Structure formats: C-alpha cells, structure tokens
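Below is one structure, written out as structure tokens; the observations come after it.
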Amino acid sequence: MEKLRIILTEECDLACRYCRRSGNAAQAERSAVLAAAEGAERVELAGGEPLLWPDVCGLVRELKAQPGTEWVGLTTNGTRLAPLVPELAKAGLDGVNLHLDTCNAFDFAAITGREQVMNDILNGLWAAVAHGLPVTVSSVLLPETLPQISVMAGFAKQYLLTVRVVSLPGLSPDRDEALSVLGRYIKHLEPDGEVWRSDELRGRITFGGEIPGAFDMEGAAVVTFGEEKREGQP
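First residue of the sequence shown: 116, per our numbering; consecutive thereafter.
Shown next, in the form of structure tokens:
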C-alpha cells in the first residue's frame, strides 16, 4: 500500500458547520494504528482532531521507525499544534496540513463555533514554519470567505509554504471565481501543472477536493477505528 490515511479519533475541538464527522471520543489503540500502517510508504494522521489523541509525537516516532514507512504527515486544525511542534519535528514529522478557512475572527467563529483560538492556530503555523516543517494551509472556499482568499494567499507570499484552496461540492464557489479574486491580488499568477505560481509568491497555491490530502495524499486509502468513515473535516 503506497498511501494511507489513519483517522486517530472522530473527536474534534471545533464544530465546523460543514463537517459530518460524529465527534465520537473513541480513540484508536496505538497497537492497532501501528499494525494498520505496516507496509504503507506514506502515512497521514488525521481525525477529527488528531492532536486530541495522546502522545502523537511518540506515534510519529514509532511510525517513522517502521520498515518501509518513508513519510508521515499530520492534518490538524492547529489549535493544539504550537507547543507540540518542537517534539513533532524531532520525531521526524514530514509535513503539516493546517486547516484554516479564514483569518477573519467573526467569520472564523461563525464557521467553527469557537472564539479566541485563532491566535493559537497562527502560533502553530508560525512554529511549524520556524522549525522547518513543510506546511500546507488548507482553506475551504465558502461564499463568505471568497473575498478573503487573497488574505489566505498572503501566507504563500510571506512564507515558503503551500496555500491549498479546498472546494467542497455544493458549498464552494467556482474555482474560476477564486482565481479571479487571487488574480487581483497576485500579479502574473500562472498554472504550472496542478500548481499556481507567481514571482510574487515565495510559496505556491494549489486546489484540492478534500481537507486532508495535502502533500499528494488525496485518494489515500482510509483506516478508521470503531465507526464507518465519514467525509468532512480531518
């Protein structure tokens, strides 16, 4: 098996209105996770919110030590990321896919049901960049966030990272609308295969169809424990 996404828990500390996960607090057993990952070259840890799972840093270390596992990434909402970044980097984490739809505090609260956690998320982003971890910021495109997509793209101007615009069926505006907004903010934004680049960007912009799946992990086989897999937030 080349690519595997492991759902460590369905539980999450946000309540994004488009998410269809159950919120069940049951968590995967460490031995079951390690057994499921045997033979997978690339492993993505997701949820729910995977950082609610105990000792993710130790799990990353063990996964990286398994024969054949070349890459381990994490999809997270970032609320608990900042204090764990040094240990995650030391454990060998290969990439952080951080889910953030907007930097507007009012819209963030309306989308997620939480207030006063955006600084925690941004601190996690900055910590990951500072520790040299490859970072993708995955942002779900919604009608109310469309005008702000250029603000999210600003991360790719400032940092060597990927901003990934996620379109959810039935919810998201057309990709061309997003490109129109981005084109007014970023000069000479041009496609390069599946990637959009500009001389104004240190990083790059991509488009995706699901929140997990950054770092070429879309279409990965999914393993979940205790419940049938649901689509939605990681």
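Glycine included, each C-beta is placed from N, C-alpha and C at the ideal position.
Computed from a predicted model, the values in this text were never measured in an experiment.
- In this structure, the alpha-carbon of phenylalanine 330 lies about 21 Å from that of proline 284.
- In terms of CA proximity to threonine 191, Val250 leads the group Val250, Ala143 and Arg317.
- By alpha-carbon distance to alanine 143, the top candidate from Met116, Leu174 and Gly154 is Leu174.
- Taking 7 Å as the cut-off, the beta carbon of valine 200 is found closer than this to the beta carbon of alanine 243.
- By the C-beta density criterion, lysine 302 is exposed, having fewer than 16 other C-beta atoms within 10 angstroms.
- Measuring C-alpha to C-alpha distances from tyrosine 133 to each of Val255, Asp289 and Gly269 identifies Val255 as the nearest.
- In the DSSP assignment, asparagine 234 falls outside any beta strand (DSSP E) and lies within the alpha helix (DSSP H) extending over 233–245.
- Around the beta-carbon of alanine 161, 16 or more other beta-carbon atoms lie within 10 Å, marking it buried.
- The three-state secondary structure of glutamine 263, taken from DSSP, is helix.
- When C-alpha distances from glutamate 185 are compared across Leu129, Ala140 and Leu208, the shortest belongs to Leu208.
- Here proline 198 is exposed. Its C-beta has fewer than 16 other C-beta atoms within 10 Å.
- Residue burial is scored here from C-beta neighbours: alanine 335 has at least 16 other C-beta atoms within 10 angstroms and is therefore classed as buried.
- For alanine 206, the closest of Thr124, Thr217, Val187 and Ala220 by C-alpha to C-alpha distance is Val187.
- Counted as a single uninterrupted DSSP element, the alpha helix (DSSP H) harbouring proline 201 occupies residues 200–206.
- In the DSSP assignment, valine 281 is bridged to Val255 and Gly323.
- For aspartate 307, there are no CB contacts under 6 Å within the same chain when 5 residues up- and downstream are skipped.
- When DSSP states are grouped into helix, strand and coil, aspartate 307 belongs to the strand group.
- Here glutamate 292 has Leu261 as same chain residues with Cβ atoms under 8 Å from its own Cβ, once five neighbours each way along the sequence are excluded.
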